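Each remark here refers to the structure printed beneath this line.
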Amino acid sequence: MKIVVCVKQVPDTAEVRINPETNTLIRDGVPSIINPYDLHAIEAGLQLKEITGGRLTAVTMGPPQAETSLREAISMGVDEGVLLTDRAFAGSDTWATAYTLARAVEHLGADIVLCGKQAIDGDTAQVGPEMAEFLGVPHVAYVRKIQDVGEKGIVVQRLMDDGFDVVESSLPVLLTVVRELNTPRMPSLKGKMVAKKAVIRKLTLSDIGAEEDSVGLKGSPTQVRNIFAPEAKKDRKIIEGSNEEKVEALVHALMESKCL
Amino acid sequence: MFIRVNAERCSGCETCLASCPYDAIVIREGKAEITEMCQMCRSCLSVCPEGAISEIKEASDSKEKEEGRGVWVFAEQRDGIVAGVTFELLGAGRRLADMLGTDLSAVLFGASSSDAAELLRWGANRVYHCEDEIVRGFTDEVYAGLLSNMVDQYGPEIVLAGATPIGRSFLPRVAARLRTGLTADCTSLAIDIESKNLLQVRPAFGGNIMATIVCPNTRPQMATVRPRVMKRGEYDAAKTGEIVKVTAEGIRIRARVIETVKEVSEVAINLQEANIIIAGGRGVGGEKGFNMLFELAGALEGACVGASRAAVDEGWIPYRHQVGQTGKTVSPKLYIACGISGAVQHLVGMQSSDIIVAINRNPEAPIFSVATYGIVADLFEVLPLLIKRIRETKGK
Ligand SMILES: Cc1cc2nc3c(=O)[nH]c(=O)nc-3n(C[C@H](O)[C@H](O)[C@H](O)COP(=O)(O)OP(=O)(O)OC[C@H]3O[C@@H](n4cnc5c(N)ncnc54)[C@H](O)[C@@H]3O)c2cc1C
Ligand SMILES: Nc1ncnc2c1ncn2[C@@H]1O[C@H](COP(=O)(O)O)[C@@H](O)[C@H]1O
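Residue numbers (the working numbering), protein chains in the order written: chain A, 1 to 260; chain B, 1001 to 1396.
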């Protein structure tokens, strides 16, 4: 069985802030990490590989330095890393990213494609399902448990607002995974050695047979018009006094505004 | 359109590097260079002291677009009950349709004809209704296939759906198939007067920044909209309109739901509908602390318990209770935040609540900047008093 996991290198968003004066992002010293959801996708791929005896390939689209993420994936046990890198991919939105990744997955061949639920920089959660459409395969989003997997099909649990659905799908299939699915393993010492020496395969636009009009900025229907800092409300009122007085004042205020 | 560095002007000062959210600028041979990671966010344009970074427009940017007709709202239902976000979408959709001088349609898969009629009273001029057995439950392939076919046939200008598990799962397939843009999880929508394009505002980078997204050259313009941030449309019992029947035929299903399991945690399910939410964070200290919050919720009618991600990550309370960027967005009448610092990712999920009470022992905690009433104190001292005081008032 061939399994492909899509990983994205992202800035650690917990540390990204906006400079309110210039409306630009402050990124000094913000480290790049593997998108946290993708670590769960890697772990799922490793477990599927162990069950089915398949081969697991990690794919990322990004600049040359995204290679680090692939080596990290290999240190966890992934068999091969593939980097999609080409100047033509510049400015891709989710549509163009999904298109490009889909062409690469077709090129590599896959029975199961795994993605994180969303990437923490954009939080769009669109690339997975869009990719499935380009690949012409079904998808199941928000997978929180893989119940069964065989040569022909897979049974998974999909997390919903009010519980979960058990979904059965034929293969090939694309899954996007949530954090509840598993606990990603730490890289082993041996894995780190392997990763250091691993050869990362690089693929460009022509290697994957993608159309130039469908990738990068040209292939992207959406554009970012501007970015700005979120605004916060400013009607703050601190209630003073002893704890008893504070509670009394609060209950009084809440009764006044008919909250109680 | 693309961003370019004028190598002659560039001094190699590296000022621009930090401005780029995507790590798309590198220094090569002493000059800045924009790499393929560039997302055209324009953050770097204003920072260069030499004015060496500029935006180059190409002639092909003004590609002719087909003018679409009408604003569409996808009316999601589960178990025959139309989701609350639908009425918010109808409110937003009505506003956009009026600004564009076009009409508003709802698309309902499943549910009953009385539900369809109800959507007309909530402001739709027309409802496209599919009552086939196959759309009663949600399957990505059927929903995506049917909606794409309908868009091809009727050519709407704008298509909106709720940013719910269902909307966010199948709408990307529709956008992929139609070769058009989709903006995820929008928190505000407007029309640009000049270009008539839809301005879609959404949080990114975990809520640390907001971005305005446009889809200038393709139609329809599609967006999923976060539940509970927009106001519901107006309800008019006398309103009528057209109901158009549609059928779903010949769509292949390869992934099907074989079982649906409801995890009824009564409190959590109702989080988004609750009038009062008592939320706890890391400061609550553990399950015992949360029992105190449940006690307070029990003393108030229609109250639910919410939580910050830190509390969920600690395993003190299930994920379903999480409020914020990666949890639920809520806007109750009263939100009481106990031991929550007020990280921006938490704030985006609750700051549109009518009244916010913050209980935190650190006066510098950012939660106080959104609080209507702030109490700087130890929650373990204040909450028992509050529970007692509320029981007294209710007892009367
Ligand atoms: C991509 C991304 C998505 C995220 N999504 C979410 C999300 O959806 N929801 C969310 O909540 N967070 C989210 N976070 C996490 C967020 O950044 C914060 O880490 C989190 O909200 C902090 O939770 P907290 O306020 O409970 O904990 P802390 O920040 O640790 O704050 C605890 C507070 O309790 C106070 N306290 C301690 N003891 C007491 C006491 N005895 N009495 C009174 N006060 C006390 C302290 O003064 C402190 O202010 C996200 C982060 C990222 C990067
Ligand atoms: N540039 C990329 N390279 C590889 N995988 C990606 C890329 N962008 C997105 N993905 C995958 O798609 C998922 C969802 O991303 P997003 O739609 O951007 O939130 C991620 O968790 C990844 O698995």
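Quick reminder that beta carbons are idealized off the backbone N, C-alpha and C, glycines included.
Quick caveat, the model's predicted, so the values are computed rather than measured.
Asked, Found
"In terms of residues, what are the limits of the beta strand (DSSP E) holding residue 1224 of chain B?", "1221-1225"
"At which residues does the alpha helix (DSSP H) containing residue 1050 of chain B begin and terminate?", "Neither: residue 1050 of chain B is in no alpha helix (DSSP H) and is coded neither H nor E."
"Quick check: the Cα distance between residue 1094 of chain B and residue 1124 of chain B, rounded to an integer number of angstroms?", "7 Å"
"Helix, strand or coil for residue 238 of chain A? Go by DSSP, reduced to three states.", "strand"
"Using a 10 Å radius around the Cβ and a threshold of 16 neighbouring Cβ atoms, would you call residue 1408 of chain B buried or exposed?", "In this structure chain B extends from 1001 to 1396, so residue 1408 of chain B is not present and cannot be described."
"Using a 10 Å radius around the Cβ and a threshold of 16 neighbouring Cβ atoms, would you call residue 1060 of chain B buried or exposed?", "Per-residue confidence for residue 1060 of chain B stands at a pLDDT of 41, beneath the threshold of 50, marking its modelled position as unreliable; no derived number is given."
"Please confirm if residue 52 of chain A has its CB atom under 9 Å from at least one CB of chain B.", "no"
"Starting from the beta carbon of residue 87 of chain A, find every residue of chain B whose beta carbon is closer than 8 Å, and list them in chain order.", "1035, 1036"
"Among B/1143, B/1004, B/1198, which one has its Cα closest to the Cα of residue 1216 of chain B?", "B/1198"
"Can you list, in chain order, the residues of its chain whose CB lies under 6 Å from that of residue 1056 of chain B, leaving out five sequence neighbours each side?", "1002, 1004"
"So is the beta-carbon of residue 126 of chain A under 8 Å away from any non-hydrogen atom of ligand 1?", "no"
"Please confirm whether residue 174 of chain A and residue 40 of chain A have their CB atoms less than 9 Å apart.", "no"
"Give the list of continuous alpha helix (DSSP H) stretches no shorter than 4 residues that lie fully inside the segment 1321-1395 of chain B.", "1344-1347, 1379-1395"
"Using C-beta distances below 7 Å, list every residue in its chain close to residue 1120 of chain B, excluding the 5 sequence neighbours before and after it, in chain order.", "1127, 1239, 1240, 1241"
"If you compare alpha carbons, which of B/1248, B/1272, B/1299, B/1376 is closest to residue 239 of chain A?", "B/1376"
"Skipping 5 residues on each side, what residues in its chain have a beta carbon closer than 7 Å to that of residue 130 of chain A?", "94, 95, 98"
"Cβ of residue 60 of chain A versus every heavy atom of ligand 2: is any distance shorter than 8 Å?", "yes"
"In the DSSP assignment, find the beta strand (DSSP E) that holds residue 1004 of chain B and state where it starts and stops.", "1002-1005"
"Sort B/1225, B/1084, B/1140 by Cα distance to residue 1255 of chain B and report the nearest one.", "B/1140"
"Mind listing the chain E neighbours of residue 1373 of chain B? Cutoff is C-beta to C-beta under 7 Å, in chain order.", "Given the protein chain composition of this structure (A and B), no chain E is represented."
"Taking the straight line between their C-alpha atoms, what separation do you get for residue 1248 of chain B and residue 1142 of chain B?", "8 Å"
"Just to confirm, is the Cβ distance from residue 1285 of chain B to residue 1309 of chain B under 9 Å?", "no"
"Name the chain A residues that come within less than 7 Å of residue 1041 of chain B, Cβ to Cβ?", "224, 227"
"Please confirm whether any heavy atom of ligand 1 lies closer than 8 Å to the CB of residue 1326 of chain B.", "yes"
"Kindly indicate if chain B contains any beta-carbon less than 9 Å away from that of residue 246 of chain A.", "yes"
"What residue from B/1390, B/1082, B/1115, B/1042 has the CA that sits closest to residue 1409 of chain B's CA?", "Only positions 1001 to 1396 of chain B appear in the structure, and residue 1409 of chain B is not among them; the question remains open."
"Could you say which of B/1044, B/1167, B/1109 lies nearest to residue 1022 of chain B if we only look at CA atoms?", "B/1044"
"Scan the segment 1142-1161 of chain B for residues whose Cβ lies nearer than 8 Å to a Cβ of chain A and list them as they occur along the chain.", "1144"
"Leaving out five residues before and five after residue 1065 of chain B in sequence, what residues of the same chain have Cβ atoms less than 7 Å from its Cβ?", "Residue confidence is low: residue 1065 of chain B scores 43 on pLDDT, short of 50, so the model does not pin down where it sits. Its coordinate-derived value is still stated next. Excluding residues within five positions, the ones whose Cβ falls inside 7 Å are 1217, 1218, 1219."
"Nearest chain B C-beta to residue 159 of chain A closer than 9 Å, yes or no?", "yes"
"Where residue 152 of chain A and residue 49 of chain A are concerned, what is the direct C-alpha to C-alpha distance, given to the nearest angstrom?", "15 Å"
"Less than 9 Å between CB atoms is the rule here; does residue 1055 of chain B satisfy it with respect to chain A?", "no"
"For the structure I just gave you, are there three or more beta carbon pairs, one from the segment 49-66 of chain A and one from the segment 77-93 of chain A, closer than 8 Å?", "yes"
"Can we count residue 1343 of chain B as close to ligand 1, meaning its CB is less than 8 Å from some heavy atom?", "yes"
"Against residue 1210 of chain B, what residues of chain A qualify as contacts under a CB-to-CB distance less than 8 Å, listed in chain order?", "227, 228, 229, 230"
"Run the CB neighbour count on residue 1291 of chain B, radius 10 Å, all protein chains shown included, and call it buried at 16 or more, exposed below.", "exposed"
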